[in-house]
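> Numbering (the numbering used here), first residue to last: 15 to 124.
1) Are at least three pairs of beta-carbons, each pair with one atom in the segment 63-77 and one in the segment 91-106, less than 8 Å apart?
2) Taking buried to mean at least 16 other C-beta atoms within 10 Å of its own C-beta, is residue 124 buried or exposed?
3) When you compare only the Cα positions, how much space is there between residue 22 and residue 69?
4) Using the beta-carbon count (16 or more within 10 Å), is residue 88 buried or exposed?
5) What residues are listed by DSSP as bridge partners for residue 106?
6) If you drop the 5 nearest sequence neighbours on each side, which residues of the same chain put their C-beta closer than 8 Å to that of residue 45?
7) What is the DSSP secondary structure of residue 63, counted as helix, strand or coil?
8) What is the DSSP secondary structure of residue 93, counted as helix, strand or coil?
9) Measure the C-alpha to C-alpha separation of residue 17 and residue 28 and round it to an integer number of angstroms.
10) Measure the CB-CB distance between residue 63 and residue 82 and report whether it falls below 9 Å.
11) Roughly how many angstroms separate the alpha carbons of residue 92 and residue 58, rounded to a whole number?
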């Protein structure tokens, strides 16, 4: 028996793939800039893989070539600049909309 995909619409799946590709390009560019300009970086939690000059990996993947798995609260913790309980900051100075808007600092530390 074949499992059912989480996204059954091919149109939505294509859009999700394009969003993922855009996020990957943005992350890659940020890591490249950090390495080129010797910028200080710090890990926000245990799943972070630092770029050079503080580590040796230009791409943030594990030994199997996979990215870290994060819960929604962990993602918000990162994009709000490591501020637990905040509803805005860093990449989203005006905050977000929807039902998942507040990071949980406890979630950010797996």
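Even glycine gets a Cβ: it sits at the ideal position worked out from N, Cα and C. Remember, it's a predicted structure, so these values are computed and weren't measured experimentally.
Per the coordinate set shown:
1) Counting C-beta pairs closer than 8 Å gives fewer than three between the segment 63-77 and the segment 91-106, which falls short of the contact rule.
2) Along the chain shown, read from residue 1 onward, the residue named residue 124 stands at position 110. Caution is warranted here: a pLDDT of 45 is assigned to residue 124, below 50, making its placement in the model unreliable, and the coordinate value is therefore given only provisionally. Counting Cβ neighbours within 10 Å, residue 124 comes out exposed, since fewer than 16 surround it.
3) Sequence index remark: in the chain shown, residue 22 carries index 8 (1-based). Sequence index remark: in the chain shown, residue 69 carries index 55 (1-based). So the alpha carbons of these two residues sit roughly 39 Å apart.
4) Your numbering for residue 88 matches position 74 in the chain shown. Counting every other CB atom within 10 Å of its CB across the protein chains shown gives residue 88 a total of 16 or more, marking it as buried.
5) The count along the chain shown starts at 1 and reaches residue 106 at position 92. Per DSSP, 103.
6) Working through the chain shown from its first residue, we reach residue 45 at position 31. Within the same chain, residue 45 has close Cβ partners 65, 72, 73, 74.
7) By 1-based counting over the chain shown, the position of residue 63 is 49. Taken through DSSP and simplified to helix, strand or coil, residue 63 comes out as coil.
8) Walking along the chain shown from the start, residue 93 turns up at place 79. Residue 93: helix per DSSP, three-state reduction.
9) Locating residue 17 in the chain shown gives position 3, where the first residue counts as 1. Locating residue 28 in the chain shown gives position 14, where the first residue counts as 1. Taking the straight line from one Cα to the other gives about 19 Å.
10) Sequence index remark: in the chain shown, residue 63 carries index 49 (1-based). Sequence index remark: in the chain shown, residue 82 carries index 68 (1-based). The answer is yes: Cβ separation under 9 Å.
11) Taking the first residue of the chain shown as 1, we reach residue 92 at position 78. Taking the first residue of the chain shown as 1, we reach residue 58 at position 44. For residue 92 and residue 58, the gap between their C-alpha atoms comes out near 7 Å.
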